[in-house]
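1 is the number of the first residue of the sequence shown in the UniProt record's numbering; add one for each residue after it. Where is the CB? At the ideal position from N, CA and C, for every residue including glycine.
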Amino acid sequence: MQSAKHVVVVGHGMVGHRFVEALRSRDTEGAWRITVLSEEADAAYDRVGLTGYTEHWDRSKLALPGNDYAGDNGVVLHLGLAARDIDRAAKTVTLADGRSLDYDALVLATGSYAFVPPVPGRDLPQCHVYRTLDDLDAIRDGALAAAKTKTPVGVVIGGGLLGLEAANALRGFGLDTHVLEMSPHLMAAQLDEAGGAVLTRMIRGLGIEVHTGVSTESIQPAQKNQPLRKSQSNDAVRVTLNDGTSIEAGVVIFAAGVRPRDELARDVGLELAQRGGVMTDRSCVTSDPDIYAVGEVAAIEGRCYGLVGPGYTSAEVVADRLLGGAAEFGEADMSTKLKLLGVDVASFGDAKGHTPNSLDVVVNDPVKQTYAKLVLSDDAKTLLGGILVGDASAYGVLRPMVASELPGDPLSLIAPAGDGASALGVGALPDIAQICSCNNVTKGDLKEAICGGCTDVPGLKKCTLAGTSCGSCVPLLKQLLEAEGVEQSTSLCEHFSQSRAEMFEIISATEIRTFSGLIEKFGTGKGCDICKPTVASILASTSSDHVLGGEQASLQDSNDHFLANIQKNGSYSVVPRVPGGDITPEQLILIGEIARDFDLYTKITGGQRIDMFGARVDQLPEIWRRLVEGGMESGQAYGKSLRTVKSCVGSDWCRYGQQDSVQMAINLELRYRGLRAPHKIKMGVSGCARECAEARGKDVGVIATETGWNLYVSGNGGMTPKHAQLLAGDLDDETLIRYIDRYLMFYIRTADRLQRTAPWLDALEGGLDHLRDVVCNDSLGLAAEFEAAVARHVDGYACEWKGVLDDPEKLSRFVSFVNAPEIADPTIEFTESFGRKVPIGMPKMPAQETS
Numbered sequence: 001m002q003s004a005k006h007v008v009v010v011g012h013g014m015v016g017h018r019f020v021e022a023l024r025s026r027d028t029e030g031a032w033r034i035t036v037l038s039e040e041a042d043a044a045y046d047r048v049g050l051t052g053y054t055e056h057w058d059r060s061k062l063a064l065p066g067n068d069y070a071g072d073n074g075v076v077l078h079l080g081l082a083a084r085d086i087d088r089a090a091k092t093v094t095l096a097d098g099r100s101l102d103y104d105a106l107v108l109a110t111g112s113y114a115f116v117p118p119v120p121g122r123d124l125p126q127c128h129v130y131r132t133l134d135d136l137d138a139i140r141d142g143a144l145a146a147a148k149t150k151t152p153v154g155v156v157i158g159g160g161l162l163g164l165e166a167a168n169a170l171r172g173f174g175l176d177t178h179v180l181e182m183s184p185h186l187m188a189a190q191l192d193e194a195g196g197a198v199l200t201r202m203i204r205g206l207g208i209e210v211h212t213g214v215s216t217e218s219i220q221p222a223q224k225n226q227p228l229r230k231s232q233s234n235d236a237v238r239v240t241l242n243d244g245t246s247i248e249a250g251v252v253i254f255a256a257g258v259r260p261r262d263e264l265a266r267d268v269g270l271e272l273a274q275r276g277g278v279m280t281d282r283s284c285v286t287s288d289p290d291i292y293a294v295g296e297v298a299a300i301e302g303r304c305y306g307l308v309g310p311g312y313t314s315a316e317v318v319a320d321r322l323l324g325g326a327a328e329f330g331e332a333d334m335s336t337k338l339k340l341l342g343v344d345v346a347s348f349g350d351a352k353g354h355t356p357n358s359l360d361v362v363v364n365d366p367v368k369q370t371y372a373k374l375v376l377s378d379d380a381k382t383l384l385g386g387i388l389v390g391d392a393s394a395y396g397v398l399r400p401m402v403a404s405e406l407p408g409d410p411l412s413l414i415a416p417a418g419d420g421a422s423a424l425g426v427g428a429l430p431d432i433a434q435i436c437s438c439n440n441v442t443k444g445d446l447k448e449a450i451c452g453g454c455t456d457v458p459g460l461k462k463c464t465l466a467g468t469s470c471g472s473c474v475p476l477l478k479q480l481l482e483a484e485g486v487e488q489s490t491s492l493c494e495h496f497s498q499s500r501a502e503m504f505e506i507i508s509a510t511e512i513r514t515f516s517g518l519i520e521k522f523g524t525g526k527g528c529d530i531c532k533p534t535v536a537s538i539l540a541s542t543s544s545d546h547v548l549g550g551e552q553a554s555l556q557d558s559n560d561h562f563l564a565n566i567q568k569n570g571s572y573s574v575v576p577r578v579p580g581g582d583i584t585p586e587q588l589i590l591i592g593e594i595a596r597d598f599d600l601y602t603k604i605t606g607g608q609r610i611d612m613f614g615a616r617v618d619q620l621p622e623i624w625r626r627l628v629e630g631g632m633e634s635g636q637a638y639g640k641s642l643r644t645v646k647s648c649v650g651s652d653w654c655r656y657g658q659q660d661s662v663q664m665a666i667n668l669e670l671r672y673r674g675l676r677a678p679h680k681i682k683m684g685v686s687g688c689a690r691e692c693a694e695a696r697g698k699d700v701g702v703i704a705t706e707t708g709w710n711l712y713v714s715g716n717g718g719m720t721p722k723h724a725q726l727l728a729g730d731l732d733d734e735t736l737i738r739y740i741d742r743y744l745m746f747y748i749r750t751a752d753r754l755q756r757t758a759p760w761l762d763a764l765e766g767g768l769d770h771l772r773d774v775v776c777n778d779s780l781g782l783a784a785e786f787e788a789a790v791a792r793h794v795d796g797y798a799c800e801w802k803g804v805l806d807d808p809e810k811l812s813r814f815v816s817f818v819n820a821p822e823i824a825d826p827t828i829e830f831t832e833s834f835g836r837k838v839p840i841g842m843p844k845m846p847a848q849e850t851s
C-alpha cells in the first residue's frame with residue numbers, strides 16, 4: 001500500500017481547524033496525514049465569540065470541539081510553534097525551532113493581524129490591539145489598572161465590529177469609554193448612513209461616547225515633559241484628534257481593521273493581491289500548484305473575505321481538491337448578524353444598494369430605535385439585500401430570500417406592526433435558500449437530513465453542521481422540523497411524558513405534594529436532574545412550603561439546596577434582599593461588618609444589590625442569622641424566582657421623575673419575592689421615559705408616564721437579549737399590579753422548563769395580542785384565579801433563610817462534611833488579583849447525606 005501524502009497546515013484558527021476536520025472526515029482511505037502549526041499557544045478557538053472571553057476569562061469555553069485531535073493518529077498538532085520559511089523547490093517548511101518538515105501540499109491558514117495606523121505613540125504600553133486571547137488578557141490588566149487611577153477612561157480607535165466589541169469590554173471594566181471612527185458613522189462596512197446613525201444613537205444611549213468623522217493625530221503621555229518611551233503602563237496618555245480636541249485615557253485599543261498575514265508568501269515569491277493577501281483562483285490554489293490559501297489570508301481572485309462563512313467554504317474547497325475533487329469557491333455570503341452591546345445589527349446581500357437601478361424600502365423608527373431597509377430589484381420583486389438595526393428578528397427569514405422573488409409586499413416584511421417576516425416563516429423559502437451561511441447548508445440539505453431520519457435540532461446540527469458556528473440559524477431549524485411535519489416532543493424528560501405545563505395542571509388538580517407520589521402515579525423510573533428540579537419549582541410555586549422541607553430538599557439543584565450561589569472554588573455567595581435598591585445606613589453597615597468578619601469579597605450587582613462572595617457552606621447559617629436579626633432576608637439570588645426589581649431614584653429626587661418609581665419597585669419586590677417560576681424573573685421600574693432603570697430589558701418593565709404607568713413584558717438579558725413589549729399603557733397602581741399578577745401566573749403555568757419570558761411569548765400562539773387578551777381582557781376567564789394564586793403566595797411568604805435557622809433538621813445540612821461537621825473544607829482557596837479577592841479551583845460537589 002502506498003504511504004500517505006503529507007499536508008502541512010500553517011495556522012490553527014477557525015478556518016485551519018475546519019480544513020483539518022473536512023479532510024479527515026472525507027479521507028476514508030487515509031490518503032493524507034496532517035501536521036498543523038499554531039503560532040498561538042491555544043488550539044483553535046472561537047474568535048467570533050472572542051468578546052465572550054471577557055465575561056468568564058476561561059479559555060476552555062472558547063475552544064472549538066475536537067481542536068486537540070485526541071486519538072486521531074492522522075493529525076499532529078504543534079502549539080506555540082510558527083513557520084519561519086518555505087523552500088518551494090524542496091517542498092519543505094522551516095519551523096521557528098529550526099526543524100524542517102517535508103510536504104506534498106501546503107495550506108496557508110495564517111489569517112490576519114490587527115492593523116495599527118502609523119500614529120505617533122502607538123507603541124506606548126497603554127496601547128493594545130483586539131485580536132487574540134493574549135491581547136484580551138493584556139487589555140484586562142491595563143483596564144483594571146486604569147480603573148484604579150484618576151483617569152478611568154478607555155479609548156477605542158475604530159468604530160467597526162471589533163471596535164464596538166472592544167468598547168463593550170472596556171465598559172465592562174468600569175471605564176468611561178470613547179469610540180473614535182474616521183467614517184461619518186459606525187460600522188461603515190456593513191451599514192448605510194441612516195442605519196449607522198441609529199446605531200450611533202443607541203450606543204451613546206448606553207453611556208459610550210462616539211466620535212465620528214475624526215482621526216487620531218497622536219498619543220503621548222498626559223503629563224508634560226514625560227519622555228515618550230518611558231511612560232509607565234499605569235500612566236495616563238493624551239489622545240489628540242484631528243479636530244484639535246484630546247482625551248486623556250488609561251487604555252487605548254486599536255481596532256482599525258485587519259490585514260492578511262501574507263508575509264510567508266511574500267518572502268518566497270508567491271503572487272499577492274494588490275491590497276494584500278495570497279492570490280488564488282477559485283480552487284484556492286496559489287501561484288505555486290502545491291500551495292493553497294484559505295480564510296482571511298486568501299485573496300480569492302484578488303478579494304479577501306473577512307468572515308468565517310467564506311473562510312469555511314475555502315477550507316472545504318481545498319479538502320475536496322486534495323482528494324481529487326473539483327470544488328470551486330462560489331459566491332460568498334457576506335451577511336452578518338451581530339449583537340453589539342445588546343443592540344441587534346444585521347446586514348445581508350447587497351445591503352448598500354450597489355446594484356444599478358435598485359430600490360430601497362426603508363422603515364426608520366426613532367422612537368423605538370429601529371431601522372430596517374430592504375434593497376430590491378428595479379421591478380420591486382426580487383430581494384437583493386437589507387439592513388436591520390435595533391431589531392434583527394426578521395433576519396433569519398429575510399437573508400435566505402436574497403436573489404429570490406418576494407412572496408408579498410416588501411414593506412410588510414419589515415413594518416413593526418406587520419411582523420411579516422416572522423409570519424412567513426421558513427416554509428416560504430425555496431429549497432435552494434441558504435439557511436446556514438457559516439456552513440453553506442441550504443433548506444434542501446436540511447430537508448434531506450430530515451427525510452434521512454433527523455427528528456430534532458441536535459440531530460440536524462450533527463448531520464449537517466447547520467447552527468454549529470454562530471448559531472443564528474438555530475431557530476429556523478426547529479421551524480423547519482415543524483414545517484416538515486416532524487412532531488417535536490414536549491415531554492418533560494424520559495421519566496414523564498407530560499410537558500411542564502401539563503405537570504403544573506396535574507399537581508394543581510391532584511394536590512400531590514411529593515415527587516415520589518407523582519412519579520409513582522404519572523411517571524416511570526426514579527427521576528433525573530431535569531424532572532426533579534422542575535417538579536420542585538412547581539411545588540414551590542403552588543404552595544408556601546419551605547423548599548428544603550421534607551422530600552423537596554432532595555429535589556433541589558446545588559444552589560437551591562444551600563439557598564446560596566455556588567462559586568467556581570466551591571464557596572458560596574450571599575445576597576440579601578434590597579427591595580428596589582432602597583437600603584438603610586444600618587443595613588449597609590451590617591453588610592460591611594459581615595463581609596469584614598467573614599473575609600468576604602463584596603460587589604454591587606447589576607440589579608442594585610450587594611453580593612458577598614467567598615463563604616463556606618458551614619458559615620452560611622451564621623451569616624444569615626446576623627442578616628435576619630438586622631431586619632434583612634434572603635434575596636433568592638439562587639432560585640428560579642424573582643431576583644430583583646431595579647429602580648431609578650424617581651420623583652423623590654430626580655427633576656424628570658413623573659411617578660414614585662422607588663416605592664413602586666419596593667411594592668413589587670415585596671409582593672413577588674420568592675415566587676418560583678420556570679426561570680429567573682427580573683423587573684425594573686423607571687420614573688420617566690429616560691429609562692434609567694433599564695426596565696425594557698426586564699421580564700417585567702414599568703415606566704412612568706404623566707398619568708400612570710406603562711407596562712412592558714417579556715424582555716430578557718442572557719444569551720439572546722430582547723426588549724420588552726408594551727402590554728398596556730397609562731395604568732393606575734391597582735390595575736398595574738393586577739395585570740402583573742395575571743401575567744406572571746399565566747407564564748408560570750404554561751411555560752416550558754427553563755424557558756424565560758421572551759422565548760415563552762415568542763412561542764405563545766397568538767403572541768402579544770393573545771397575551772393582552774388573557775391579561776387585560778380576561779379572555780380565558782382565569783384572571784380571578786391568577787390573582788388569588790398570587791394573593792396566597794403573598795400571604796404565605798416566609799424568608800427561606802429564617803426557615804433554616806428555625807429548624808434544627810434543616811440547619812444540620814449546612815456543613816462541609818456530613819460525617820465530620822466540625823471540619824471546615826480545606827479545598828476552598830482564594831488568591832488576590834489587582835487587590836480583589838478571587839477564588840481558586842473548580843466547583844466541588846455539594847455535601848451529600850450518607851445512608
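Cβ-Cβ distance between residue i and residue j below 7 Å
| i | j | result |
| --- | --- | --- |
| Y53 | I253 | no |
| V210 | V179 | yes |
| D333 | N357 | no |
| Y638 | N565 | yes |
| I219 | V116 | no |
Cβ neighbour criterion (16 or more within 10 Å) applied to residue i
| i | result |
| --- | --- |
| residue 854 | Lying outside 1 to 851, the shown extent of the chain, residue 854 is not represented and no answer is given. |
| W760 | buried |
| E405 | exposed |
| E586 | exposed |
| V367 | exposed |
| P152 | buried |
| H354 | exposed |
| Q636 | buried |
| R229 | Low per-residue confidence applies at R229: pLDDT is 44, beneath 50, and the placement is therefore not dependable enough to give any value. |
| T149 | exposed |
| K603 | exposed |
| D391 | buried |
| E39 | buried |
| K521 | exposed |
| D795 | exposed |
For residue i, the residue or residues it bridges with in DSSP
| i | result |
| --- | --- |
| V278 | L272 and A298 |
| L108 | V10 and A293 |
| A747 | It should be pointed out that residue 747 corresponds to Tyr in this sequence rather than to Ala. In the DSSP output, where bridge partners are listed per residue, Y747 has none listed. |
| E405 | T382 |
| R616 | DSSP lists no partner for R616. |
| L668 | Answer is none; L668 lacks a bridge partner. |
| A704 | W709 |
| V728 | The amino acid at residue 728 is misidentified as Val; the sequence shows Ala. According to DSSP, which records beta bridges pairwise, A728 is partnered with L711. |
Closest by C-alpha distance to residue i, when choosing among the options
| i | options | result |
| --- | --- | --- |
| L517 | F496, I530, L782 and A501 | The question names Leu, but residue 517 in the sequence shown is Gly. That would be F496, whose Cα lies nearest to the Cα of G517. |
| L555 | V575, I530 and Y572 | I530 |
| V402 | R99, P430 and A415 | P430 |
| D176 | P184, A167, S183 and S573 | A167 |
| E691 | G650, G71 and E296 | G650 |
For residue i, the three-state DSSP class (helix, strand or coil)
| i | result |
| --- | --- |
| W57 | coil |
| A79 | A quick correction: the sequence has Leu, not Ala, at residue 79. Here L79 sits in strand by DSSP. |
| A249 | strand |
| N559 | helix |
| L780 | coil |
| P576 | strand |
Contact test: residue i Cβ vs the ligand SAH heavy atom, cutoff 6 Å
| i | result |
| --- | --- |
| Y113 | With respect to the ligand SAH, the structure shown offers nothing to examine, as it has no ligands at all. |
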